[in-house]
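Asker: Below is one structure. I have some questions about it.
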Amino acid sequence: MFKLRDYQLESINNIYDSVKKGHHSIIVQSPPRTGKTVIMSEIARRATKKGNRVMFVVHRKEIVDQVIKTFKANEVDMNLAQIGMVQTFTRRVDKLSEPTIIFVDEAHHVLARSYRRILETFPDALKLLFTATPVRLNGEGFEDVADDLIIGKPISWLIDNQFLAPVDYYAPVALDTSKLKTKCTGDYDEQSIKDALKPKIYGRTVDQYLKLAKGKQAIAYTYNVESAERLAKQFSQKGILAKAVSGTTPKTERDQIIKDYRAGKVRIVTNAELFTEGLDLPNVDCVIMLRPTKSLSLYLQFAMRSMNPRAGKTAIIIDQVGNVQRFGLPTQDRYWSLEGTKKQKESNRPKIQPVSTCPSCFAAFYRNGNTCPFCGADLVEEREIEVVDKAELKKVVARRKEIFKKIINDKVANNVVDKKPSDLKNYAEVKAYAELKGYKPGWAYFYAKQRGFIK
1 MFKLRDYQLE
11 SINNIYDSVK
21 KGHHSIIVQS
31 PPRTGKTVIM
41 SEIARRATKK
51 GNRVMFVVHR
61 KEIVDQVIKT
71 FKANEVDMNL
81 AQIGMVQTFT
91 RRVDKLSEPT
101 IIFVDEAHHV
111 LARSYRRILE
121 TFPDALKLLF
131 TATPVRLNGE
141 GFEDVADDLI
151 IGKPISWLID
161 NQFLAPVDYY
171 APVALDTSKL
181 KTKCTGDYDE
191 QSIKDALKPK
201 IYGRTVDQYL
211 KLAKGKQAIA
221 YTYNVESAER
231 LAKQFSQKGI
241 LAKAVSGTTP
251 KTERDQIIKD
261 YRAGKVRIVT
271 NAELFTEGLD
281 LPNVDCVIML
291 RPTKSLSLYL
301 QFAMRSMNPR
311 AGKTAIIIDQ
321 VGNVQRFGLP
331 TQDRYWSLEG
341 TKKQKESNRP
351 KIQPVSTCPS
361 CFAAFYRNGN
371 TCPFCGADLV
381 EEREIEVVDK
391 AELKKVVARR
401 KEIFKKIIND
411 KVANNVVDKK
421 PSDLKNYAEV
431 KAYAELKGYK
441 PGWAYFYAKQ
451 RGFIK
């Protein structure tokens, strides 16, 4: 039987309090890597001990065995537990034994028709809907499937109390965001991701890993099978044993890769949508993102895969696709509500705190001062100028006139004036950008070298 952490017991007590108040369908929010399955197993253990039947619904087959293992380890009466995929339960819903409690894992999917059919078949069952992110891509809320929301401890608290590892985040973006297109599911289209990624992305990813996380075991999230295999090959060519896995990888081969990864033989696993939700790989110290997403759920699952704690550990995230600019750092405190964003006025929607990226080392952080907290580089910014005397004013005016003249007359300068460093496309644009922003000599060369514009 498990010894639960204080915050896990707190969530369980909050659930019981909610039930006592008459709530019957409860969303339970708890960040990734915090043991949601353990919490559910404890509730299931207490329920089955009293002779009550429970059902556990998941949406990926890879998770079923892990849930069964966790339930058995926590002494749940498995004769009273039904654990399976939503697709299987939906097909057999009329033949299922009626449960007292229905657990739904990754419940941000719960508005799908298949889930709703199961929930509606058993109206008297207590529904406990667990998710790290009670939000949906289409902006719909959860008010029609849940009558209460229990919010777990924020990620910042979990790090401060050593339940999660701190993280260093780097964002050397190599993506042309103007080429990204959204498909009907609300996330980015695969072909548009391929078009948006820079041609040298795979080699640059290996270089960034060697610079920032050399020797650490890593998982790289890619956008399809081809990109996973290509990246694994690139790592292997540099003498770093890497294996690609995906939903098409035979189970025996996949199990061997996982075994070798756990043993430290395989250093890098590149994957296409396999190790996202619910799979336990505790020795991940680095996450590499080569898949842009519009899904906060997917982003946090990606980012926090590396944050299992260990004494002295600092996780490393290498984000090549700008996800941090869409969602903020994974450590950011967030506002959760049953109300969907569709119903919220623009002014009332939670704001993402702007993230700064150091032009020298590519570290991503919330800015507090004019130097990079990682490498100490100066962070240049536009700010109001205090005029000391008329001579200084003349210098400022002359410089601004010079800049405006250059913008008008120089096609390259005009092209970069409104861009961010990550949007620059070649060495000429980098040099023009550096001159317009007043960056120190040498920055353009260093940045262009990092971006692969200079061989």
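Numbering (the UniProt record's numbering), first residue to last: 1 to 455.
Ideal Cβ positions, reconstructed from N, Cα and C, are used throughout, including at glycine.
Could you name each continuous alpha helix (DSSP H) segment of 4 residues or more that falls completely within the UniProt domain "Helicase C-terminal" (205–363), going from the start of the chain to the end?
Answerer: Those alpha helix (DSSP H) runs which fall completely within the UniProt domain "Helicase C-terminal" (205–363) and span 4+ residues are 225–237, 251–262, 296–304 and 323–327.
Asker: Could you tell me which residues DSSP pairs with TYR170 in its beta bridges?
Answerer: The partner list for TYR170 (beta bridge, DSSP) reads ILE318 and ALA363.
Asker: Might you give, ordered along the chain, the residues of its own chain that have their beta carbon closer than 8 Å to the beta carbon of ASP333, omitting 5 neighbours on each side?
Answerer: The answer, listed in chain order, is PRO154, ILE155 and SER156.
Asker: Going by Cα to Cα distance, which pick from LYS251, ARG33, ILE43 and ASP17 is closest to ALA81?
Answerer: Out of LYS251, ARG33, ILE43 and ASP17, ILE43 has the C-alpha closest to the C-alpha of ALA81.
Asker: From LYS181 to LEU137, what does the alpha carbon distance come to, in whole angstroms?
Answerer: The straight-line gap from Cα to Cα measures roughly 15 Å.
Asker: May I ask you to report which of helix, strand or coil DSSP gives ASP423?
Answerer: DSSP places ASP423 in helix when its eight states are reduced to three.
Asker: Does DSSP classify LYS36 as helix, strand or coil?
Answerer: Reduced to three states, the DSSP call for LYS36 is helix.
Asker: Specify, as a first and last residue, the run of the beta strand (DSSP E) that SER25 falls within.
Answerer: Unbroken beta strand (DSSP E) run through SER25: 25–29.
Asker: So, helix, strand or coil for GLN191, using DSSP?
Answerer: GLN191 falls in the helix class under three-state DSSP.
Asker: So, for ARG267: in the same chain, excluding its five sequence neighbours on each side, which residues have a beta-carbon less than 6 Å away from its beta-carbon?
Answerer: So the qualifying residues of the chain are GLN217, ILE240 and LEU241.
Asker: Under a three-way DSSP split, which group does GLY203 fall into?
Answerer: Correct three-state label for GLY203: helix.
Asker: From PRO99 to TRP336, what distance separates their C-alpha atoms?
Answerer: Going by the C-alpha atoms only, they are around 29 Å apart.
Asker: With respect to the beta strand (DSSP E) encompassing ALA73, which residues constitute its N-terminal and C-terminal limits?
Answerer: First-last for ALA73: 61–73, but that is the alpha helix (DSSP H), not the beta strand (DSSP E).
Asker: Identify whether ALA448 lies in helix, strand or coil by the three-state DSSP scheme.
Answerer: If DSSP states are grouped into helix, strand and coil, ALA448 belongs with the helices.
Asker: Quickly, what does DSSP pair ALA81 with across the bridge? List them, please.
Answerer: According to DSSP, ALA81 bridges with VAL54.
Asker: Is it a yes or a no for the segment 230–239 touching the segment 170–188, going by three-plus beta-carbon pairs under 8 Å?
Answerer: No, they do not touch.
Asker: Starting from ILE20, follow the alpha helix (DSSP H) in both directions and report where the run begins and ends.
Answerer: The residue asked about is misnamed: residue 20 is Lys in this sequence, not Ile. That run of the alpha helix (DSSP H) goes 6–20.
Asker: What separation, rounded to the nearest whole angstrom, lies between the Cα atoms of ARG91 and LEU197?
Answerer: So the alpha carbons of these two residues sit roughly 40 Å apart.
Asker: Go ahead and pull the three-state DSSP assignment for GLU382.
Answerer: In this prediction, GLU382 has a pLDDT of 35, which is less than 50 and means its spatial position is unreliable; what the coordinates show is noted afterwards. In this structure, GLU382 counts as coil in the three-state DSSP scheme.
Asker: Give the straight-line distance between the Cα atoms of LEU290 and ALA171, rounded to the nearest whole angstrom.
Answerer: Approximately 11 Å between the Cα atoms of the pair.
Asker: Can you list, in chain order, the residues of its chain whose CB lies under 6 Å from that of ASN13, leaving out five sequence neighbours each side?
Answerer: Nothing meets the Cβ criterion.
Asker: Any idea what DSSP makes of VAL86, helix, strand or coil?
Answerer: Looking at VAL86 - three-state DSSP - the assignment turns out to be helix.
Asker: For residue 485, which residues in the same chain have their Cβ closer than 8 Å to its Cβ, ignoring the five residues on either side in sequence?
Answerer: Nothing about residue 485 can be read from this structure; the chain reaches only from 1 to 455.
Asker: When the Cα of GLN29 is compared with those of LYS20, ARG46 and GLN8, which residue comes out closest?
Answerer: GLN29 has its Cα closest to that of GLN8, out of LYS20, ARG46 and GLN8.
Asker: Let's test the definition: count the other Cβ atoms within 10 Å of the Cβ of CYS375 and tell me whether it reaches 16, buried, or not, exposed.
Answerer: By the 10 Å Cβ count, CYS375 comes out exposed.
Asker: If you draw a straight line from the C-alpha of LEU296 to the C-alpha of GLU339, how long is it?
Answerer: Cα-Cα distance, rounded: 16 Å.
Asker: Is the beta carbon of TYR299 less than 8 Å from the beta carbon of LEU329?
Answerer: Cβ atoms of TYR299 and LEU329: not closer than 8 Å.
Asker: Between the Cα of ASP285 and those of LYS294, PHE453 and GLY312, spot the shortest distance and give me the residue it belongs to.
Answerer: When each option's Cα is compared against that of ASP285, the closest is GLY312.
Asker: Pull up the DSSP beta-bridge partners for THR131, would you.
Answerer: GLN29.
Asker: Less than 6 Å between C-beta atoms, sequence neighbours within five positions excluded: which residues of the same chain meet that for GLY264?
Answerer: Hits under 6 Å: none found.
Asker: In chain order, what residues of the same chain have a beta carbon less than 6 Å from the beta carbon of SER422, not counting five sequence neighbours either side?
Answerer: Excluding sequence neighbours, SER422 sits near VAL173.
Asker: Which term fits GLU429, buried or exposed, when burial requires 16 or more other beta carbons within 10 angstroms of its beta carbon?
Answerer: Per the 10 Å Cβ criterion, buried.
Asker: Which of helix, strand or coil does DSSP assign to THR371?
Answerer: In this structure, THR371 counts as strand in the three-state DSSP scheme.
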